[in-house]
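The structure appears below as structure tokens.
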Ligand code: IDP
Ligand code: MG
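Numbering (the numbering used here), first residue to last: 59 to 196.
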């Protein structure tokens, strides 16, 4: 609650489909600020740290393959209740469950390729921001 920072990732399909501007526009129009942003091809080591909680699950290998498959855009997003609200803007993990007005509901077609990532808690946000922007000084 209050003013929070969270990590947004526009996954490789979002970048390759040319939806970076569309997604950032939604985030900015909601009222959030982009504190840091960069394009990066996530390597395997970073992907495994970021998604460590999912190691051993049946979709893990596909997930690592997907997130390392091309350039992503990673950003620190800041504002009121940013963590929960950004996930609300993104919609449910499975685009079939996401409302059509959400990012996943509007643009994504499968739970594997679901376009965006947002930190799911204050602890996750701190950990993920440190992972992708170690110099950010939190
Ligand atoms: P989240 O991205 O909404 O937080 P998580 O459960 O943390 O969802 O899963 C991380 C990512 O792993 C998802 O965004 C999606 O890309 C992938 N994923 C999650 N569940 C499945 C599944 O059941 N099948 C295939 N991929 C999945
Ligand atoms: Mg998650």
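Ideal placement from N, C-alpha and C gives every residue a C-beta, glycine not left out. Only a predicted model underlies this, so the values are computations on that prediction, with no experimental measurement involved.
For this session: Specify, as a first and last residue, the run of the alpha helix (DSSP H) that residue 83 falls within.
Result: Within the chain shown, residue 83 is the residue found at index 25, counting from 1. 78 to 88 is the span of the alpha helix (DSSP H), which, as asked, contains residue 83.
Exercise. Where does the unbroken beta strand (DSSP E) through residue 62 begin, and where does it stop?
Worked result: Looking up residue 62 in the chain shown gives position 4. Note, residue 62: beta strand (DSSP E), 61 to 68.
Problem set entry | Close-in-space but distant-in-sequence residues of the same chain around residue 102 (CB under 7 Å, 5 per side omitted) | Residue numbering aside, residue 102 sits at position 44 when the chain shown is read from its first letter. Contacts found: 122, 126.
Exercise. For residue 64, does the count of other Cβ atoms within 10 angstroms reach 16, so buried, or fall short, so exposed?
Worked result: Within the chain shown, the letter at position 6 stands for residue 64. With 16 or more other Cβ atoms within 10 Å, it is buried.
Exercise. Taking 8 Å as the line, does the beta carbon of residue 151 fall inside it for any heavy atom of the ligand MG?
Worked result: Here residue 151 refers to the residue found at position 93 of the chain shown. Yes, Cβ of residue 151 sits closer than 8 Å to a heavy atom of the ligand MG.
Exercise. How should residue 191 be labelled, buried or exposed, when 16 other C-beta atoms within 10 angstroms of its C-beta is the threshold for buried?
Worked result: Here residue 191 refers to the residue found at position 133 of the chain shown. Counting Cβ neighbours within 10 Å, residue 191 comes out buried, since at least 16 surround it.
Problem set entry | Residue(s) in a DSSP beta bridge with residue 171 | Taking the chain shown and counting its residues from 1, the one referred to as residue 171 is at position 113. The partner list for residue 171 (beta bridge, DSSP) is empty, contrary to what the question assumes.
For this session: May I ask you to verify whether the region 106 to 124 touches the region 75 to 82, counting CB pairs closer than 8 Å and requiring at least 3?
Result: no
Problem set entry | Same chain, Cβ closer than 8 Å to residue 158, neighbours up to 5 away in sequence not counted | Position 100 of the chain shown, counted from the first residue, corresponds to residue 158. Contacts found: 164.
For this session: Taking residue 100 as part of the beta strand (DSSP E), name the residues at either end of that continuous run.
Result: In the chain shown, the residue the question calls residue 100 occupies position 42. Unbroken run through residue 100: none, as it is neither H nor E.
Exercise. Which runs of the alpha helix (DSSP H) spanning at least 4 residues fall entirely within the region 101 to 171, listed in chain order?
Worked result: 102 to 108, 118 to 125, 140 to 148, 161 to 165
Problem set entry | Neighbourhood of residue 74 by C-beta, 7 Å cutoff - its chain only, sequence neighbours within 5 removed | Stepping through the chain shown from its first residue, residue 74 is reached at position 16. Excluding residues within five positions, the ones whose Cβ falls inside 7 Å are 128.
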